[in-house]
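To start, the structure under review is shown below, and the notes come after it.
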Amino acid sequence: MRKLFKRFVILFLLIGILNTFSFIFAEDTRKLYKNIEIFTQALHILKKSYVKDVSSEELIYGALKGMLSSLDSYSRFLTPEEYKELKVETKGEFGGLGIEISIKDGLLTIITPIEGTPAWKAGLKPGDIIVKINDELTKNITLDEAVKKLRGKPGTKVKITILREKENMVKDFVITRDVIKIKDIKIAKILEDKIAYVKLAEFREHTPEQLDKILKELKSKGMQALILDLRNNPGGLLDSAIEVASRFVPYNTLVVYIQERDPKKKIKYYSKYKKPLLDIPMVVLINKGSASGSEIVAACLQDTSRAVIMGRTSFGKGSVQTVLSLPDNSAIRFTTAYYYSPKGKKIQDVGVIPDIKIEDKIPSFKETKSEEVFERIEEKKEEKLLRDYFILRAVDLLKAILIYKQK
204 MRKLFKRFVI LFLLIGILNT FSFIFAEDTR KLYKNIEIFT QALHILKKSY VKDVSSEELI
264 YGALKGMLSS LDSYSRFLTP EEYKELKVET KGEFGGLGIE ISIKDGLLTI ITPIEGTPAW
324 KAGLKPGDII VKINDELTKN ITLDEAVKKL RGKPGTKVKI TILREKENMV KDFVITRDVI
384 KIKDIKIAKI LEDKIAYVKL AEFREHTPEQ LDKILKELKS KGMQALILDL RNNPGGLLDS
444 AIEVASRFVP YNTLVVYIQE RDPKKKIKYY SKYKKPLLDI PMVVLINKGS ASGSEIVAAC
504 LQDTSRAVIM GRTSFGKGSV QTVLSLPDNS AIRFTTAYYY SPKGKKIQDV GVIPDIKIED
564 KIPSFKETKS EEVFERIEEK KEEKLLRDYF ILRAVDLLKA ILIYKQK
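Numbered per my numbering, the sequence shown finishes at 610, counting up by one with no gaps.
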């Protein structure tokens, strides 16, 4: 009974937190407590009469999962184990396949496979819909349930069935799980004509400092223009994304603002980096796998006319999730606001529309099927980078800008 009481305390604390963040609509105290009484009665009935013995923890956790998942596809309840895993993820190392997933239009959708991971090497693509996991349909699956099914011990296999709508194809993939180590900056080098290329994979705790070192090194090698590749970058930490954008815009420039439910609650984030890189032309590459933090950076550089955005419309994940821990080390993750670009463009469900769109059907520079396969496995070298059509287009644009500036 003491355990049950403890769970009630957690529930009441949760209600208090949700109330603080305006998640409970204005209703009189009597109605609120009447609803809590209904829940309490249901809990007692299930505890006493359900066909199987069920713990109060299972019932409370189940109720919390249902409550959070009913809000939107990004809100969810985290058990102590799941919360612990989430904290590990933000430090850049965890076990799994290496894909960012979301529930979009009721379908379990791949935002992006993280480059270099098992999912990426297997050939999964942004926008792929996962219709089965280990031959079980994903219809009505929650994000939390999907993550559990996809994760497992390194070395074990998982079978996923995907629907690729544009190709009208359903295909099975058997992928071996691995420890996922995320390298924030995948590639940084000078291409031809002093045009630098930086591939940013995610926004993690130390990404801005790593970028500072790389930009300093590239400048020492004579960098005259920069391609910032945010394709298949699923985002990461908000503060890190803001700091990265701050490296390229004047001090005290509006990077992004967050609009909460209350119209009066608008939080603005300004660049605070005092030595930004302002004197060279830039191209930012995005695609359908660019989400969240990468969309914030792209939208900021687009709205401030600091860079030309090239590629395809991004994913459209522009909502803010707040994570609050509960007394038993579980947590709730829920949407509290939406991101807007400096000019007031909403990112959620819209994405960032590039200045220069690259068509869906692009020419292939791969001579053989084997070359295409091994390119996924081998680290990209300069000559291979210049056979990437997106990068080739960016290089041509920057060459033209540099020539024009010299005249």
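Using N, Cα and C, we set each Cβ at its ideal position, and we do this for glycine too.
For K608, the secondary structure class from DSSP, reduced to helix, strand or coil, is helix. Counting only runs of 3+ residues, the beta strand (DSSP E) found wholly inside the region 232 to 305 occupies 279 to 281, 296 to 299, in chain order. Note that the region 476 to 491 touches the region 428 to 446; at least 3 beta-carbon pairs, one per stretch, sit closer than 8 Å. Linking G269 to K549 through their CA atoms gives a straight-line distance of about 28 Å. Beta-bridge partners assigned by DSSP to Y543: Y460, K549. Between K392 and the set L418, A603, M372, K386, the nearest pair of CA atoms involves L418.
Taking the Cα of V401 as reference, the smallest distance to any Cα among R407, V382, D381, M426 is reached at M426. In the three-state reduction of the DSSP assignment, P357 falls in the coil class, being assigned neither a helical nor a strand state. DSSP links E339 through a beta bridge to I336. When rounded, the separation of the alpha-carbon atoms in Y253 and R407 is 45 Å. Every beta strand (DSSP E) of 3 residues or more that sits fully in the region 429 to 498 is shown, in chain order, as 457 to 463, 469 to 473, 485 to 489. For P316, the uninterrupted beta strand (DSSP E) run begins and ends at 310 to 316, by DSSP. Linking T525 to S508 through their CA atoms gives a straight-line distance of about 31 Å. Under the 10 Å beta carbon count, Q505 is surrounded by 16 or more other beta carbons and is classified as buried. Non-local C-beta neighbours of T312 in its own chain, meaning closer than 8 Å and more than five positions away in sequence, comprise I304, S305, I306, G330, D331, I332, I333, ordered along the chain. According to the DSSP assignment, K416 belongs to the alpha helix (DSSP H) that extends over 410 to 423. Under the Cβ criterion (8 Å, minimum of three pairs), the region 277 to 291 counts as touching the region 534 to 549. The Cβ neighbour count for S423, taken over all protein chains shown within 10 Å, is under 16; the residue is labelled exposed. In the DSSP assignment, M513 forms a beta bridge with L488, I559. The C-beta distance from Y542 to I461 rounds to 6 Å, short enough to fall under 8 Å.
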